[in-house]
Amino acid sequence: MITGTPKPIEEIMEMVEPYDNIILAGCHGCVTVCRVGGEKEVQVLASTLRLAREAGGRTIKIREVSLERQCDPEYVEQMRPYVGDYQAVLSIACGAGIQFLAEKFTTTPLLPGINTGFLGVTERQGEWSERCQGCGDCVLHLTGGICPVTRCAKSLFHGPCGGSVQGICEVDKSVKCGWQLIIDRLKALNQMENYTKFKPFKGWSTARDGGPRRIIREDMI
Amino acid sequence: MVVGCLEGDCHYVSGNIRAKARVKRVYGILDRIKIGPDRIRMYNLSAGEGSKFAAYANEFVEKVRELGPSPINLVRAGQARAVSQKEAT
Chain A
149 MITGTPKPIE EIMEMVEPYD NIILAGCHGC VTVCRVGGEK EVQVLASTLR LAREAGGRTI
209 KIREVSLERQ CDPEYVEQMR PYVGDYQAVL SIACGAGIQF LAEKFTTTPL LPGINTGFLG
269 VTERQGEWSE RCQGCGDCVL HLTGGICPVT RCAKSLFHGP CGGSVQGICE VDKSVKCGWQ
329 LIIDRLKALN QMENYTKFKP FKGWSTARDG GPRRIIREDM I
Chain B
4 MVVGCLEGDC HYVSGNIRAK ARVKRVYGIL DRIKIGPDRI RMYNLSAGEG SKFAAYANEF
64 VEKVRELGPS PINLVRAGQA RAVSQKEAT
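So, in structure tokens, the structure goes:
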């Protein structure tokens with residue numbers, strides 16, 4: 149899922165300061181699962197903003213909305229009949245959702261209520277960690293299902309660096325060395341021969357380095 | 004006032020511990036929006052501790068009295084006064 153963290157309330161208050169009449173839009177997708185932008189978070193943030201505003205001597209009208217997904221046009225369009233009645237939209241979806249709203253509703257300012265994080269998994273309730281950087285050229289079949297791009301702090305492709313000590317990465321004692329994990333896993337799978345199968349250079353043009361990416365599936369159009 | 008089971012003695016195993024974390028978050032929210040963290044408090048006690056519950060309730064009521072009206076109520080009261088003065092004139 150795409151993860152995120154709430155922006156500090158002070159930052160959100162500053163963003164909404166010019167407005168008295170806004171939509172607060174959540175999303176039932178990833179941000180609901182990571183408890184940062186779903187229906188419940190919309191309710192909590194809307195109440196917080198109303199209380200904070202009122203404590204400061206002003207009121208704010210907030211329409212609470214939770215779309216099925218803010219990254220799909222059919223759901224975003226559900227807001228069109230009323231979006232023009234409001235001065236701004238504060239979205240607590242991921243950056244993709246917020247931008248999609250901005251693209252669709254060109255005359256309404258869009259404000260981000262969360263900081264979008266990474267593609268990750270739920271380790272346990274309340275804890276998420278990164279697994280994928282969307283490099284566009286997956287090698288998990290060679291690395292025991294552990295991503296060197298994401299799990300190695302340096303995104304190395306040819307084994308651990310000198311900063312790997314007893315399976316721990318030098319950047320943080322709580323971070324396991326991605327390459328130690330890969331080698332341990334390859335040994336367990338009896339697939340150490342994969343360690344020598346790497347291409348000499350990874351092409352990063354399929355990653356962010358190639359600019360904003362697009363997928364066109366002719367069979368789906 | 005939020006009341007949970009004694010820690011380690013919850014039917015929902017960790018429900019009261021999670022509630023404690025949620026309440027702590029609300030402390031933070033109320034503090035940051037200048038309403039103050041003292042208007043919410045969590046107590047832990049068992050279902051058989053009726054007198055303790057009463058004591059905690061009284062304690063919290065005293066605390067709320069001591070704090071006085073919330074900033075929001077003060078603003079609302081001020082606005083109501085302004086409206087009634089305007090209507091009187």
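These protein sequence lines are chains A and B, in that order. Numbers given in this note's numbering equal positions in the first sequence, counted from 1, plus 148. Numbers given in this note's numbering equal positions in the second sequence, counted from 1, plus 3. C-beta: ideal position from N, C-alpha, C; glycine also.
| Query | Result |
| --- | --- |
| Residues of the region 171 to 203 of chain A whose Cβ lies closer than 7 Å to any Cβ of chain B, in chain order | Thr196, Leu199, Ala200, Glu202 and Ala203 |
| 9 Å Cβ cutoff, Met163 of chain A in contact with chain B | no |
| CB contact below 9 Å: Glu158 of chain A versus chain B | yes |
| Local conformation of Glu275 of chain A per DSSP, three classes | strand |
| Chain B within 9 Å of Gly205 of chain A, Cβ atoms only | yes |
| Three-state secondary structure assigned by DSSP to Asn47 of chain B | strand |
| Presumed contact (8 Å Cβ cut-off) between Thr153 of chain A and Ile262 of chain A, rounded CB distance | 6 Å |
| Residues bridged to Ala236 of chain A [DSSP beta-bridge criterion] | A:Ile170 |
| Endpoints, alpha helix (DSSP H) assigned at Gly53 of chain B | Gly53 to Leu70 |
| Contiguous alpha helix (DSSP H) assignments of at least 4 residues, all confined to the region 306 to 366 of chain A | 326 to 337 |
| Pair within 9 Å by beta-carbon distance, Arg299 of chain A and Leu329 of chain A | yes |
| Closest by C-alpha distance to Lys350 of chain A, when choosing among A:Glu216, A:Asn338, A:Cys325 and A:Asp285 | A:Asp285 |
| Short CB-CB distance (under 9 Å) between Gly274 of chain A and chain B | yes |
| Strand pairing of Lys209 of chain A, partner residues [DSSP] | A:Asn169 |
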